[in-house]
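Report on one structure; see the data block that follows.
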Amino acid sequence: MWQNEVLEEIYKIREEHAKSFDYDLDAMFADWQKKQAESGRKVVNLSLNRDRTIHSSGWDEKDTSHCST
209 MWQNEVLEEI
219 YKIREEHAKS
229 FDYDLDAMFA
239 DWQKKQAESG
249 RKVVNLSLNR
259 DRTIHSSGWD
269 EKDTSHCST
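Using the numbering used here, the first residue of the sequence shown is number 209, and each one after it goes up by one.
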């Protein structure tokens, strides 16, 4: 069977993280949020927003003509 070493390493890290929190999703999520805040990296929200559209030239916040309601 074909194995991907990168994926195997990711699965191992994910399992170790989950096990360290006794598979408690709330605790795991809180840890991810803490690490995210401590990283100092800018976090971008990619959730959908009906008031914005993406064009090749950038964001157009007012043009919603293509959006269905």
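Glycine included, each C-beta is placed from N, C-alpha and C at the ideal position.
Boundaries of the alpha helix (DSSP H) in which residue i is found, first to last residue
i: Y219; result: 213–228
i: D234; result: 233–247
Contact check, residue i vs residue j, beta carbons under 8 Å
i: M236; j: A245; result: no
Reference residue i; option with closest CA among the options
i: W240; options: R222, E213, V214, L215; result: R222
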